[in-house]
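Q: Next up is a structure, given as structure tokens.
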């Protein structure tokens with residue numbers, strides 16, 4: 002019970018009225034709400050520390066079956082601190098004062114005062130009328146207890162309707178019944194299932210099956226009542242419950258001591274009474290087990306601390322380091338190699354990272370190695386704090402490093418893109434008989450010799466101008482990342498077209514060096530260009546996958562490596578294709594290796 006604080010209302014009966022409600026009914030409800038608000042304010046001014054909740058009860062009926070005009074209000078009072086008078090005296094005294102307060106608001110307001118111990122005693126006695134009354138009420142003011150009783154009672158009713166023969170006890174527990182609750186506290190309930198007569202499934206299967214349904218019903222109860230507090234459901238099977246008692250499980254002892262049975266088939270209350278009488282005592286074996294559990298727990302704590310140093314902080318900074326190297330263009334190294342590679346590339350070569358960060362990585366790797374090899378037995382709390390602070394500092398710096406690498410790569414990509422486009426234009430013009438072209442003349446000669454002559458569509462002149470303009474804007478810092486990606490795509494289209502143009506231009510020569518194949522539903526080709534072969538795996542695919550392999554003296558091909566359109570273009574422009582090309586026997590095995598066993602060689606295509 003939290004005292005001395007104003008608590009928020011929940012399940013307020015002042016929700017907006019439906020649009021189609023009759024005007025007289027709407028007016029009446031608004032009048033009731035106004036009176037309840039006034040009553041609540043007056044009551045809390047007097048007894049805020051003691052009032053746990055205020056709720057509007059359903060109207061009573063006359064003998065003729067008509068609804069009475071009375072406003073029935075329930076007030077739940079906390080009597081746990083009552084010492085100067087008996088609980089009955091406290092209830093009588095408060096009831097009279099609350100009645101008087103109600104009459105000052107409206108003569109027709111009828112109050113029913115309940116003290117908490119009375120509600121709980123009814124539960125101990127197997128009487129649940131008060132729980133049902135609260136479940137039917139509309140909450141006006143609540144510190145958490147009314148909501149807990151309401152949702153638990155609704156949930157219990159749903160469960161008993163479906164599984165009554167299996168349910169032994171339904172118990173409200175946790176901070177609510179211990180007097181430590183707040184309006185946002187979880188609502189803890191414990192359900193014990195009878196598994197002593199299970200034949201069609203194992204006890205574990207019964208528990209899992211019912212537990213899933215029971216938790217689902219808890220969510221449904223929350224939706225029905227509009228209560229947002231989490232209904233935290235714990236399900237035990239009866240035999241496990243007995244084992245826990247036998248082993249003196251503290252959680253079960255706490256449940257027996259504080260729990261309030263909302264339903265009980267004559268088992269929970271005897272257990273509770275036996276505990277109160279001191280008749281439930283742990284066995285010597287249980288005491289010994291609990292004595293030893295402290296040392297075991299500490300061992301697990303030390304193991305977890307070591308795990309933080311050996312695994313968590315280690316991987317937290319190692320994998321981003323490897324990612325930074327991959328972004329730079331280096332294959333991911335081993336953990337041992339990572340610090341030195343970070344130092345060589347980012348500290349010494351690029352001067353993008355400070356030495357202190359590499360030392361943080363090295364220290365973490367060393368601690369992990371020492372723990373793994375057993376040379377370091379214990380990791381202290383101070384050492385863990387140092388590791389965590391170092392990891393946080395390292396990650397913050399690596400995040401900035403990522404941005405710097407990305408910026409550097411974009412700059413390199415733009416320069417490479419521009420140089421590639423200019424080079425390929427020069428190579429195309431070389432095929433047209435124009436050997437030397439300066440950078441300043443590239444666009445003009447490209448337009449005069451290829452565009453104006455109708456050899457290449459005019460849209461590629463526009464693309465070229467866009468690429469040149471983008472390069473200038475990037476150098477001036479005016480190009481966004483999205484614009485960089487867009488110009489890369491356009492450059493790819495430009496390069497692809499010019500490569501295909503060169504292939505068409507050297508068509509007859511290339512036919513002497515081309516092996517066309519079919520593999521599955523796809524078509525590929527191998528171009529034998531002097532000392533190198535280029536393998537295009539799918540000639541119809543928009544993003545062509547290209548590899549290259551060295552041609553060995555026996556006619557076979559070496560292990561292929563990834564290539565690109567730019568490399569193919571450069572080879573096409575600078576390789577003399579012999580007047581006759583011969584295919585030697587080993588290359589047929591290579592074709593199977595590249596394209597699969599079912600590869601077919603096309604002739605006279």
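Residue numbers (our numbering): 2 to 606.
Even glycine gets a Cβ: it sits at the ideal position worked out from N, Cα and C.
These numbers were taken from a predicted model, which means no experiment stands behind them.
For residue 218, which option in 325, 603, 41, 192 has the closest C-alpha, if you only look at C-alpha atoms?
A: Cα-wise, what sits closest to residue 218 is 192.
Q: What three-state label does DSSP hand residue 77 in the structure shown?
A: It is a strand residue.
Q: So which of 146, 57, 253, 555 has the shortest CA-CA distance to residue 586?
A: Ranking the options by Cα distance to residue 586, first place goes to 555.
Q: Going by Cα to Cα distance, which pick from 316, 401, 342 is closest to residue 327?
A: Among 316, 401, 342, the Cα nearest to that of residue 327 is on 342.
Q: Given this structure, state the Cα-to-Cα distance separating residue 127 from residue 171, to the nearest angstrom.
A: Cα-Cα distance, rounded: 12 angstroms.
Q: Counting C-beta neighbours from all protein chains within 10 Å, is the total for residue 594 16 or more, i.e. buried, or is it exposed?
A: So residue 594 counts as exposed.
Q: Mind checking residue 433: buried by the 16 CB within 10 Å criterion, or exposed?
A: Exposed, by the Cβ-count rule.
Q: Would you mind stating whether residue 145 and residue 186 have Cβ atoms separated by less than 8 angstroms?
A: Cβ distance < 8 angstroms, so residue 145 and residue 186 count as in contact.
Q: Around the Cβ of residue 383, are there at least 16 other Cβ atoms within 10 angstroms (buried) or fewer (exposed)?
A: When all chains shown are included, residue 383 counts as exposed.
Q: Quick one, which of 333, 393, 440, 51 has its alpha-carbon nearest residue 180's?
A: The residue with the shortest Cα to Cα distance from residue 180 is 51.
Q: For residue 353, which residues of its own chain have a beta-carbon under 8 angstroms away from its beta-carbon, when the five flanking residues on both sides are left out?
A: Correct list, in chain order: 347, 402, 405, 406, 409.
Q: What would DSSP say about residue 459, mapped onto helix, strand or coil?
A: In the structure shown, residue 459 sits in coil (DSSP, three-state: anything other than H, G, I, E or B).
Q: Suppose you measure from the CA of residue 573 to the CA of residue 316; what does that come to, to the nearest Å?
A: Taking the straight line joining both Cα atoms gives about 46 angstroms.
Q: Check each candidate in 75, 57, 67, 79 and name the one with the smallest Cα separation from residue 49.
A: It is 79 whose Cα lies nearest to the Cα of residue 49.
Q: Would you give the residue range spanned by the beta strand (DSSP E) that residue 222 belongs to?
A: From DSSP, residue 222 is part of no beta strand (DSSP E) but of the alpha helix (DSSP H) over 204 to 226.
Q: Out of 510, 411, 524, which has the shortest C-alpha to C-alpha gap to residue 538?
A: It is 524 whose Cα lies nearest to the Cα of residue 538.
Q: May I have the straight-line CA-CA distance separating residue 419 from residue 490, to the nearest angstrom?
A: Approximately 13 angstroms, taken between the alpha carbons.
Q: When the Cα atoms are used, what is the spatial distance from residue 551 to residue 500?
A: Looking at the two C-alpha atoms, the distance is approximately 21 angstroms.
Q: Rounded to whole angstroms, how far is the Cβ of residue 391 from the Cβ of residue 361, which I believe are closer than 8 angstroms?
A: So it is a contact: roughly 5 angstroms between Cβ atoms.
Q: Please report how far the alpha carbon of residue 138 lies from the alpha carbon of residue 379, in whole angstroms.
A: Rounded to whole angstroms, residue 138 to residue 379 spans 59 angstroms at the Cα level.
Q: Helix or strand or just coil, what does DSSP make of residue 110?
A: Residue 110: strand per DSSP, three-state reduction.
Q: Between the Cα of residue 157 and those of 199, 175, 121, 221, spot the shortest distance and give me the residue it belongs to.
A: Checking every option, the nearest Cα to that of residue 157 belongs to 221.
Q: What residues are listed by DSSP as bridge partners for residue 262?
A: DSSP output for residue 262 lists 172 as bridge partner(s).
Q: Using the Cα positions of residue 488 and residue 475, report the straight-line distance between them to the nearest angstrom.
A: One C-alpha to the other measures close to 11 angstroms.
Q: What's the gap between the Cα of residue 374 and the Cα of residue 260?
A: Looking at the two C-alpha atoms, the distance is approximately 50 angstroms.
Q: What distance in whole Å lies between the Cβ atoms of residue 591 and residue 1, which are believed to be in contact at a cut-off of 8 angstroms?
A: Since the first residue shown for the chain is 2 and the last is 606, residue 1 is missing from the structure and cannot be characterised.
Q: What is the rounded straight-line gap between the Cα of residue 174 and the Cα of residue 482?
A: Between residue 174 and residue 482, the C-alpha separation is close to 57 angstroms.
Q: Go to residue 143, then tell me how far its beta strand (DSSP E) extends in each direction, as first and last residue.
A: From DSSP, the beta strand (DSSP E) with residue 143 extends over 139 to 143.
Q: In the DSSP output, what is residue 130 paired with across the bridge?
A: According to DSSP, residue 130 bridges with nothing at all.
Q: Skipping 5 residues on each side, what residues in its chain have a beta carbon closer than 6 angstroms to that of residue 281?
A: Within the same chain, residue 281 has close Cβ partners 275.
Q: What does the alpha-carbon distance come out to for the pair residue 604 and residue 437?
A: C-alpha separation (whole angstroms): 39 angstroms.
Q: How about residue 495 and residue 468: do their beta carbons lie closer than 8 angstroms?
A: In this structure, residue 468 lies closer than 8 angstroms to residue 495 by Cβ.
Q: Under three-state DSSP, which class holds residue 617?
A: Since the first and last residues shown for the chain are 2 and 606, residue 617 lies out of range.
Q: Give every residue of the same chain whose Cβ lies closer than 7 angstroms to the Cβ of residue 151, excluding the five residues on either side of it in the sequence, and list them in chain order.
A: 135, 136, 226, 228, listed in sequence order.
Q: When the Cα of residue 515 is compared with those of 414, 184, 529, 505, which residue comes out closest?
A: Answer by Cα proximity: 529.
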